[in-house]
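Enquirer: Pasting a structure here, questions to come.
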Amino acid sequence: MLSAGIAVATLGSTILVLRDNPFAAPFVERSTAEIARAADRAMARAVTADWLLPRLSQALRAGDEDAVSFYAALAVDHHIPLPQPLSEDLAAFRAEQSGSFAWISDCAACAYDMTRCASVQRLAICALPVEMTPLGDLNALRRGGAAYLSGQSPDRLETGLAVVGLGATAAAVATGGGGLVVKAGATTLRLAHRLGRITPGLSRALTEGARLPLGSGARAARSADVTADLLRLGGNAGVVPTLHLLRHIDSAEDAARIARLSDAAGPRTRGVVEVLGKSRALRLTVRLADRVLAAMALIYALVLQLALWVAGRLGRAALRALA
Numbered sequence: 007m008l009s010a011g012i013a014v015a016t017l018g019s020t021i022l023v024l025r026d027n028p029f030a031a032p033f034v035e036r037s038t039a040e041i042a043r044a045a046d047r048a049m050a051r052a053v054t055a056d057w058l059l060p061r062l063s064q065a066l067r068a069g070d071e072d073a074v075s076f077y078a079a080l081a082v083d084h085h086i087p088l089p090q091p092l093s094e095d096l097a098a099f100r101a102e103q104s105g106s107f108a109w110i111s112d113c114a115a116c117a118y119d120m121t122r123c124a125s126v127q128r129l130a131i132c133a134l135p136v137e138m139t140p141l142g143d144l145n146a147l148r149r150g151g152a153a154y155l156s157g158q159s160p161d162r163l164e165t166g167l168a169v170v171g172l173g174a175t176a177a178a179v180a181t182g183g184g185g186l187v188v189k190a191g192a193t194t195l196r197l198a199h200r201l202g203r204i205t206p207g208l209s210r211a212l213t214e215g216a217r218l219p220l221g222s223g224a225r226a227a228r229s230a231d232v233t234a235d236l237l238r239l240g241g242n243a244g245v246v247p248t249l250h251l252l253r254h255i256d257s258a259e260d261a262a263r264i265a266r267l268s269d270a271a272g273p274r275t276r277g278v279v280e281v282l283g284k285s286r287a288l289r290l291t292v293r294l295a296d297r298v299l300a301a302m303a304l305i306y307a308l309v310l311q312l313a314l315w316v317a318g319r320l321g322r323a324a325l326r327a328l329a
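31 is the number that our numbering gives to position 25 of the sequence shown; each next residue is one higher, with no gaps.
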């Protein structure tokens with residue numbers, strides 16, 4: 007009787023929970039603190055010496071400046087010591103990349119024209135200090151004006167981001183730094199667009215609002231949301247990491263979710279996305295809802311009780327047959 011009563015109670019509870027259809031929206035967003043903890047756990051499991059050292063060694067052999075910088079930073083962040091031969095190779099690579107006349111010449115060319123930068127890392131060292139000032143935005147406006155005067159169509163996205171950057175700089179001066187996050191984000195998007203690092207899907211989402219007439223509220227608002235998410239990402243993650251992250255963003259939804267991940271991960275966002283992969287990294291931002299967990303527990307309990315009841319009946323029938 008007791009077991010039957012428990013089974014009836016479990017069945018009733020399960021029916022009550024399932025009436026609310028908890029599986030219609032099984033996931034809820036994690037808080038920023040929960041995302042940070044989940045990302046830390048996932049990265050601690052993924053970034054090991056066995057995983058990292060061969061990749062750093064391969065990047066050094068290939069002379070890939072961006073990859074070397076990325077893996078070397080991961081080694082520092084995760085306290086992974088480098089074997090002496092690899093450490094010496096890394097030091098020699100850095101000395102060669104930063105001390106030669108050829109590197110200095112390439113850096114000057116990169117600072118003058120960012121499209122000539124050999125790597126994103128070099129862009130950060132050589133061109134970014136100029137691009138982060140109003141000079142970079144004014145130069146972008148100069149290109150747009152020159153294109154217009156020559157009868158060509160100016161780049162509306164680059165021009166618009168330059169205007170945003172100048173406005174954010176003015177706001178930062180007026181408020182004591184209040185617009186610096188927006189300035190960093192706008193500069194990141196402008197550089198990424200000029201370097202061709204924005205995916206076609208993201209480019210459509212960014213320029214969608216600019217092509218619409220006044221009154222096209224829903225789509226224009228969506229375009230503004232995408233821009234705001236990317237500005238937030240640039241401010242949270244930093245310019246160089248965001249230039250790498252933009253190749254993973256194919257839609258407005260990707261932009262919103264990676265921006266939310268960056269609220270928790272900050273400058274480590276690129277590492278989380280590139281080490282774990284985009285799908286796994288974005289899953290860190292959500293968890294199963296409590297109602298779903300409760301429903302699953304009740305269903306499991308009900309199935310278990312049913313199995314025990316069936317096993318009991320079969321056991322008693324077998325005993326009677328033996329008797």
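Glycine included, every Cβ here is placed at the ideal spot set by N, Cα and C.
This structure is a prediction, so every number in the text was calculated from the model and none was measured.
1. Flag this pair as yes or no: are the beta carbons of residue 198 and residue 249 separated by less than 8 angstroms?
2. Threshold first: 4 residues or longer. Then list the alpha helix (DSSP H) segments lying entirely within the region 34-64, N to C.
3. Just curious, the alpha helix (DSSP H) that residue 335 is in, first and last residue?
4. Looking only at its own chain, which residues have a Cβ that is under 6 angstroms from the Cβ of residue 219, when we skip the five neighbours before and after it?
5. From the DSSP output, in three-state form, read off residue 336 for me.
6. Measure the CB-CB distance between residue 290 and residue 45 and report whether it falls below 8 angstroms.
7. What is the rounded straight-line gap between the Cα of residue 195 and the Cα of residue 120?
8. Determine the direct distance from the alpha carbon of residue 208 to that of residue 225, and round the result to whole angstroms.
9. Express the C-alpha separation of residue 71 and residue 100 in angstroms, rounding to a whole number.
10. Do the region 262-278 and the region 234-247 meet, that is, are 3 or more Cβ pairs less than 8 angstroms apart?
11. For residue 42 and residue 320, I'd like the C-alpha separation in whole angstroms.
12. Would you mind reading off the limits of the alpha helix (DSSP H) that contains residue 110?
13. For my contact list, residue 212 and residue 232 are in at a C-beta cut-off of 8 angstroms; report their separation, rounded to the angstrom.
14. With H, G and I counted as helix, E and B as strand and the rest as coil, what does DSSP make of residue 139?
15. Please confirm whether residue 62 and residue 50 have their CB atoms less than 8 angstroms apart.
16. Considering only their Cβ atoms, is the gap separating residue 171 from residue 193 smaller than 8 angstroms?
17. Out of 306, 254, 205, state which residue places its alpha-carbon closest to the alpha-carbon of residue 284.
18. Span of the alpha helix (DSSP H) holding residue 196?
19. So within the region 237-286, which uninterrupted alpha helix (DSSP H) runs reach at least 4 residues, ignoring any that extend past its ends?
20. According to DSSP, simplified to helix, strand and coil, what is residue 147?
Expert: With the given structure in hand:
1. Counted from its first residue, the sequence shown places residue 198 at position 192. Counted from its first residue, the sequence shown places residue 249 at position 243. Yes, the Cβ-Cβ distance between residue 198 and residue 249 is below 8 angstroms.
2. 38-52
3. Here the chain covers residues 7 to 329 and nothing more, so residue 335 does not appear.
4. Working through the sequence shown from its first residue, we reach residue 219 at position 213. Caution applies to residue 219, whose pLDDT of 49 falls short of 50 and renders its modelled position unreliable; the model cannot decide the point.
5. Any property of residue 336 remains undetermined from this structure, which presents the chain solely from 7 to 329.
6. Taking the sequence shown and counting its residues from 1, one reaches residue 290 at position 284. Taking the sequence shown and counting its residues from 1, one reaches residue 45 at position 39. Yes; because the gap between Cβ atoms is below 8 angstroms, this pair is in contact.
7. Within the sequence shown, numbered from 1, the residue matching residue 195 stands at position 189. Within the sequence shown, numbered from 1, the residue matching residue 120 stands at position 114. If I take the Cα positions, the gap works out to 14 angstroms.
8. Taking the first residue of the sequence shown as 1, we reach residue 225 at position 219. Taking the first residue of the sequence shown as 1, we reach residue 208 at position 202. Because residue 225 sits at a pLDDT of 48, beneath the cut-off of 50, its placement in the model cannot be relied upon, and the following sentence gives the value as read from the coordinates. Cα-Cα distance, rounded: 14 angstroms.
9. Locating residue 100 in the sequence shown gives position 94, where the first residue counts as 1. Locating residue 71 in the sequence shown gives position 65, where the first residue counts as 1. Spanning the two alpha carbons is a distance of roughly 9 angstroms.
10. yes
11. Translated into the one-based positions of the sequence shown, residue 42 becomes position 36. Translated into the one-based positions of the sequence shown, residue 320 becomes position 314. Residue 42 and residue 320: Cα-Cα distance of roughly 51 angstroms.
12. Position 104 of the sequence shown holds residue 110. Where residue 110 is concerned, the enclosing alpha helix (DSSP H) stretches over 107-118.
13. Here residue 212 refers to the residue found at position 206 of the sequence shown. Here residue 232 refers to the residue found at position 226 of the sequence shown. At roughly 6 angstroms, the Cβ-Cβ gap stays under 8 angstroms, so residue 212 and residue 232 are in contact.
14. Residue 139 sits at position 133 when you count from the first residue of the sequence shown. Correct three-state label for residue 139: coil.
15. The sequence position of residue 62 within the sequence shown is 56, counting from 1. The sequence position of residue 50 within the sequence shown is 44, counting from 1. Result no, Cβ atoms of residue 62 and residue 50 do not sit closer than 8 angstroms.
16. Numbered from its first residue, the sequence shown carries residue 193 at position 187. Numbered from its first residue, the sequence shown carries residue 171 at position 165. Yes, the Cβ-Cβ distance between residue 193 and residue 171 is below 8 angstroms.
17. Taking the sequence shown and counting its residues from 1, the one referred to as residue 284 is at position 278. Residue 284 has its Cα closest to that of 254, out of 306, 254, 205.
18. As a working mapping, residue 196 is identified with position 190 in the sequence shown. Counting along the chain, the alpha helix (DSSP H) containing residue 196 begins and ends at 186-201.
19. 245-251, 258-271, 275-282
20. Here the question's residue 147 lines up with position 141 in the sequence shown. If DSSP states are grouped into helix, strand and coil, residue 147 belongs with the helices.
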